[in-house]
Every structure is written in C-alpha cells, then in structure tokens.
Amino acid sequence: MVHPQQALRRRLAVPAVLVFALVAAVGCSGDDDAATSGSSSTQDSAATSAIKADVVLSTDGKVVATVDERFQSYNIEMVEVTGGEFWRPYDAGDGKVARPPIDLSSERLRNLARALGPAYIRISGSWANSTYFDPSGTAGETPPAGFGGVLTGDQWIGVGEFARAVHGEVTTSFASNDAVRDAAGAWQGDQARALLEFSKGHDVPLVAAELFNEPGLPVGMPAGYDGAAYGRDVKTFLGVVDDVMPNLRIVAPGATADVVPLVISPSITGEALADGAKPRIDAFSYHFYPNVSERCGSDEGPDVALTSELLSRIDKTKAYYEDLRDRTAPGAPMWLTETAQAACGGDRWAATYRDVIRYVDTLGRLSTGDGDVVFHNTLAASDYGLLDEDGLVPRPDYWAAVLWSRLMGPQVLASSSTGSVEDLTVYAHCRAGDEDGATYAVVNASTDQTRTVATASRTAEVYRLTSGDLDSATVQLNGDELVADDDGTLPDMKAEQVDGTVEVPPASVAFVVDPVATGCS
Numbered sequence: 002m003v004h005p006q007q008a009l010r011r012r013l014a015v016p017a018v019l020v021f022a023l024v025a026a027v028g029c030s031g032d033d034d035a036a037t038s039g040s041s042s043t044q045d046s047a048a049t050s051a052i053k054a055d056v057v058l059s060t061d062g063k064v065v066a067t068v069d070e071r072f073q074s075y076n077i078e079m080v081e082v083t084g085g086e087f088w089r090p091y092d093a094g095d096g097k098v099a100r101p102p103i104d105l106s107s108e109r110l111r112n113l114a115r116a117l118g119p120a121y122i123r124i125s126g127s128w129a130n131s132t133y134f135d136p137s138g139t140a141g142e143t144p145p146a147g148f149g150g151v152l153t154g155d156q157w158i159g160v161g162e163f164a165r166a167v168h169g170e171v172t173t174s175f176a177s178n179d180a181v182r183d184a185a186g187a188w189q190g191d192q193a194r195a196l197l198e199f200s201k202g203h204d205v206p207l208v209a210a211e212l213f214n215e216p217g218l219p220v221g222m223p224a225g226y227d228g229a230a231y232g233r234d235v236k237t238f239l240g241v242v243d244d245v246m247p248n249l250r251i252v253a254p255g256a257t258a259d260v261v262p263l264v265i266s267p268s269i270t271g272e273a274l275a276d277g278a279k280p281r282i283d284a285f286s287y288h289f290y291p292n293v294s295e296r297c298g299s300d301e302g303p304d305v306a307l308t309s310e311l312l313s314r315i316d317k318t319k320a321y322y323e324d325l326r327d328r329t330a331p332g333a334p335m336w337l338t339e340t341a342q343a344a345c346g347g348d349r350w351a352a353t354y355r356d357v358i359r360y361v362d363t364l365g366r367l368s369t370g371d372g373d374v375v376f377h378n379t380l381a382a383s384d385y386g387l388l389d390e391d392g393l394v395p396r397p398d399y400w401a402a403v404l405w406s407r408l409m410g411p412q413v414l415a416s417s418s419t420g421s422v423e424d425l426t427v428y429a430h431c432r433a434g435d436e437d438g439a440t441y442a443v444v445n446a447s448t449d450q451t452r453t454v455a456t457a458s459r460t461a462e463v464y465r466l467t468s469g470d471l472d473s474a475t476v477q478l479n480g481d482e483l484v485a486d487d488d489g490t491l492p493d494m495k496a497e498q499v500d501g502t503v504e505v506p507p508a509s510v511a512f513v514v515d516p517v518a519t520g521c522s
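Quick note: the sequence shown, position 336, residue 337 per our numbering, numbers continuous.
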C-alpha cells in the first residue's frame with residue numbers, strides 16, 4: 002500500500018521542505034490526489050499573499066487524524082522499579098551501574114511527570130524479560146534461579162500510585178526467559194496471571210500489555226526461539242488475559258530493527274512476529290532508534306543530529322510497520338513503544354539542547370494516525386531521559402515535551418500553508434484543551450538561517466525554544482531560561498503575543514498558536 006504521505010514526498014524535489022504535508026497533512030485514508038491537494042495552497046486571497054514571511058501558516062480546518070490523548074508517553078524501565086544495572090550516564094564513566102529503585106513517591110518527580118500528563122507509563126524494557134514477580138517479596142532480594150531481578154508487590158503498588166498521581170495509565174510486559182518455560186520450551190502463564198490478578202486487587206491502572214519486550218531479539222529469549230514459538234506463546238497469553246483481565250489492551254508484536262539496524266540483529270522478523278500476534282492486536286507496536294550510541298559502537302557524532310537524513314530515518318521504519326499493521330491488524334493504532342535519540346542509553350548530545358529538534362520533529366512525523374502513541378525512553382534514567390536522574394533536573398527535551406502536551410491537541414489538521422523553505426517543517430494540530438484555534442509546531446533545523454512564518458490571521462501566540470549553545474543542558478522560552486522549582490513545580494510559561502511575522506531562529510522550535518483558526522471549535 003502506498004501511503005499518501007509517501008506519494009507526496011516523491012513529488013517534492015526539495016528534502017525537508019514545508020508544505021506541511023511533508024509529514025502532517027496525512028489522513029487515515031486517502032489517495033495521491035488527496036495528499037497533493039492537502040499540501041498545496043488553497044488560500045490565494047490578497048490578504049494572505051500580502052503577508053511577508055517565508056511560510057504563511059494556515060489550515061483548511063480538516064481533521065485528518067485523532068491521535069490518542071496520551072500520544073506523548075514515556076517508559077520507566079522495569080530495572081528502575083526493581084533496582085539493578087542500567088546504562089551509566091556518560092559523566093559517571095563507561096558501561097552500566099547498579100541503581101537503587103527509583104523513588105516514585107518523590108514529590109518533585111510527580112510534579113514534573115504530572116506536567117506531561119495524561120500519558121501511558123510503560124514499565125518494561127529488556128530487563129523485564131528476566132524479572133520475577135513476587136507479591137510478598139522484599140526489595141533487593143536474590144531472584145530465583147534463572148531470573149535477573151525481583152519485582153515486589155509493594156513496588157508494583159508504588160507504580161500504580163505514581164500513575165494515578167500523574168494522570169497516567171500503565172502498560173507492561175512479562176518474563177520470557179527459560180525460567181518461565183516448561184521442559185519443551187513452552188511459555189507458562191503463571192507469572193503473567195499473578196501480576197494481572199495483583200493489579201486488579203490493588204487498583205493498579207494497568208490498561209495494556211505486550212507479551213514480551215522485543216521478542217524478535219535474542220535478549221532474554223530462549224535459544225532457537227522462532228516465530229512459531231512466539232505464536233504458540235501468544236495463544237497461551239491470550240488465554241490468561243481472557244480469564245483474568247479480558248479488557249486489557251493487547252499491544253503487539255513489539256518488533257524492532259527490521260529497517261534501521263541495531264547492535265543485535267533480529268532473530269525473528271517483524272513479519273513473522275506480526276503473523277504470530279495476529280489472533281489479537283489491539284495496538285500494533287514496534288521500537289525505533291535513529292542510531293545506536295557510541296557505547297554500542299556508533300561513530301556518528303553530534304554533527305548528524307540536525308540533518309534531514311537523520312530526522313527522516315523514522316519514515317521508512319514507520320512505513321514498513323504500517324504495512325505490516327495493514328496486513329495483520331487493519332485499523333489498529335500504531336504504538337511506538339520505545340524510542341529516543343539513540344539505543345544503548347543515548348549519545349552524549351541526547352541530554353542537550355541539540356536533541357530538541359529531533360524530539361519535536363519525530364512527534365510531528367508520527368502524529369498521523371487515529372489512536373497513535375509514542376513512548377519516549379526514558380522518563381528519568383541515563384542520558385536519554387527527559388529528566389536527569391541526579392536531582393531530577395529537566396533536560397531540554399523535557400521542556401519541549403511540556404509545550405507539546407500543553408499546546409498540541411490530539412486532532413491533527415491538514416494544512417493549506419503557503420511557502421517552502423529547506424530545513425523547515427511544520428506540524429498542525431487543534432489547540433490542546435478547550436480553547437479554540439490551531440497550534441503549529443515549527444521546526445527550524447538549519448544551523449545558520451533564521452526563517453519567518455506568520456499565521457493567516459496575522460495574530461499569534463508564540464512559544465519559542467532556543468539556546469545559545471547546541472550543547473547546552475539549558476533551554477530558553479522566549480529568551481528566558483526554564484527552571485523548575487525545588488518541588489518540581491514549573492515556572493509560568495507565557496506566550497509572546499505577535500502581530501505579523503514570527504522569527505524562527507536557527508536550530509529552534511516555535512509553537513505558534515493561531516487563536517482564530519477555524520475547524521477546531
């Protein structure tokens with residue numbers, strides 16, 4: 002199937018241009034003609050043409066997709082909850098470091114996370130494939146033979162309390178290794194049953210689950226595991242779910258690295274996994290990282306961060322898995338259940354302002370389908386966390402995430418914007434909340450060119466993210482540095498009122514609200 006977005010891109014000679022339809026003028030269905038008409042100007046009035054700006058922002062009011070209200074979600078790794086070894090921050094040395102369990106009762110953490118809500122909170126990751134659930138266990142105890150860690154009942158209750166406090170809902174996955182299998186290698190559902198029953202009994206808002214984390218990779222999976230074995234295990238899992246928690250959303254198959262390679266090649270293709278999960282897929286899941294970090298052998302440096310080539314790496318992966326979805330679970334939303342700047346804990350620039358361009362641009366490229374969700378890895382661990390784990394200091398990506406949550410509603414709009422500028426992309430949504438108008442996320446990836454935009458109404462509320470140094474750990478909103486209070490309360494994040502042209506400096510993101518845009522009331 003040719004996605005209308007792909008058809009449009011083949012007609013555009015200039016990479017990373019703005020006709021909005023580069024990424025965001027994509028409907029849930031349609032043909033090439035519809036894609037083309039959505040990207041061309043339909044407002045040739047004298048008033049619009051008289052506006053002096055590189056790009057005039059406007060929409061025809063057509064909603065082309067409605068993403069999940071929890072579209073922007075995040076991971077808290079299972080090993081963060083249980084305690085154990087995870088990627089060490091670069092400034093703390095190489096490799097991994099043993100960590101105590103994350104304090105999910107922290108007022109500061111809860112206030113910072115609440116500003117991102119509503120969100121799904123995914124408790125999973127590679128370590129989940131070998132974690133033993135012990136309702137009566139004690140934190141830090143030695144796991145049973147064959148397991149790498151223990152999740153206690155109190156820790157899981159803490160996950161539920163955290164989720165409720167931050168307007169979150171929980172999704173997870175289950176152990177997959179030899180320790181939960183019989184002599185023939187068949188997965189046994191006892192551990193999954195225990196966690197589901199405990200969640201019901203203790204008001205943990207568990208609403209969705211993947212069977213395993215990345216079942217196509219040989220991490221925590223039995224030797225020789227294949228698509229047929231996965232399909233057999235899926236049927237066992239569905240029997241447990243039907244018996245204990247039939248309303249649980251099944252997220253599958255959790256495929257990865259079929260298009261952009263990682264350090265470890267898949268031992269089971271995404272196609273085989275999708276076929277195995279076919280009996281029930283409520284949301285089609287996959288993982289994507291644009292590259293791996295230097296920890297895992299990458300020699301790509303920070304100069305690649307703002308290039309159109311890196312920013313567009315998600316497109317082929319997204320198209321590949323959408324095609325698998327269309328063949329195995331037509332109509333299911335796409336859930337990217339793990340993504341960040343780089344696999345293996347992030348590169349050195351993941352924690353800096355340099356990554357803001359990728360963060361916002363990726364959200365824009367992915368907000369194209371009904372019910373879609375994106376999970377950032379992680380909330381507060383290693384260099385790709387939205388928060389620095391030491392002191393829970395918000396990183397630049399965190400502030401971009403807050404603005405997206407506050408300003409970009411779930412309704413995605415078609416665009417009738419005019420103008421085309423290299424390295425400038427724009428994504429349009431109805432304004433978040435009950436307020437009228439549309440919000441445009443304007444991403445300027447050029448490192449040396451200031452661009453100008455203006456709304457068709459000539460009025461705008463502007464939230465401009467900049468930094469004097471791409472490698473800075475700080476970010477400014479309309480010229481003022483953003484800093485959270487000691488308890489995690491955020492500062493006032495006020496708009497700049499603009500009549501006329503909005504300047505978008507090099508390497509910056511501007512959220513531009515047109516309060517009188519039609520179609521979103």
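Glycine included, each C-beta is placed from N, C-alpha and C at the ideal position.
Secondary structure of A429 (DSSP, three-state): strand. Per DSSP, the unbroken beta strand (DSSP E) holding R465 starts and ends at 460-467.
Straight-line measurement puts the Cα of L212 at about 7 Å from the Cα of V235.
Taking the Cα positions, T67 is about 17 Å away from T519.
Contact between L239 and A275 does not hold, since their C-beta atoms are separated by about 15 Å, which reaches or exceeds 8 Å. In the pairwise beta carbon analysis, the segment 74-84 is classified as not touching the segment 283-301: fewer than three pairs are separated by under 8 Å. For F213, there is no enclosing alpha helix (DSSP H), as DSSP gives it neither H nor E. The alpha-carbon separation between V413 and G277 amounts to approximately 32 Å. Take the alpha-carbon of E108 and the one of P395: they are about 14 Å apart. Counting only the Cα atoms, V427 lies some 33 Å from I251.
For R250, the three-state secondary structure derived from DSSP is strand.
If you check the CB distance, L466 and V510 come in under 8 Å. Taking the C-beta atoms as reference points, V499 is found no nearer than 8 Å to R452. Shown here for K97: same chain residues with a beta carbon closer than 8 Å to its own, the five before and five after excluded, namely E86, F87, W88, R89 in chain order. Taking C-beta atoms under 8 Å as the contact rule, A352 and A474 qualify, at a distance of about 6 Å. Here G221 really is in contact with S127; their C-beta atoms are around 6 Å apart, less than 8 Å.
When DSSP states are grouped into helix, strand and coil, Y75 belongs to the strand group.
Secondary structure within the segment 285-346: the beta strand (DSSP E) runs of 3 or more consecutive residues, fully enclosed, are 335-340 (chain order).
A distance below 7 Å between beta-carbons, with the five flanking residues on each side excluded, links N112 to the following residues of its chain, in chain order: D488, G489, T490. Close CB contacts of V57 within its chain, under the 7 Å cut and outside five residues either way in sequence, are with T49, S418, T419, G420, A455, A457 (chain order).
Looking at the DSSP output, F376 bridges to S74. Excluding sequence positions up to five before and after I124, its CB lies within less than 7 Å of the CB of I77, M79, V82, V160, V171, T173, all in the same chain and listed in chain order. In the three-state reduction of the DSSP assignment, V68 falls in the coil class, being assigned neither a helical nor a strand state. E142 sits exposed, since fewer than 16 C-beta atoms from the chains shown fall within 10 Å of its C-beta. Distance check between V64 and each of E436, G370, G347 places G370 closest, using alpha-carbon atoms only.
About 7 Å separates the Cβ atoms of D356 and P397, confirming a contact at the 8 Å cut-off.
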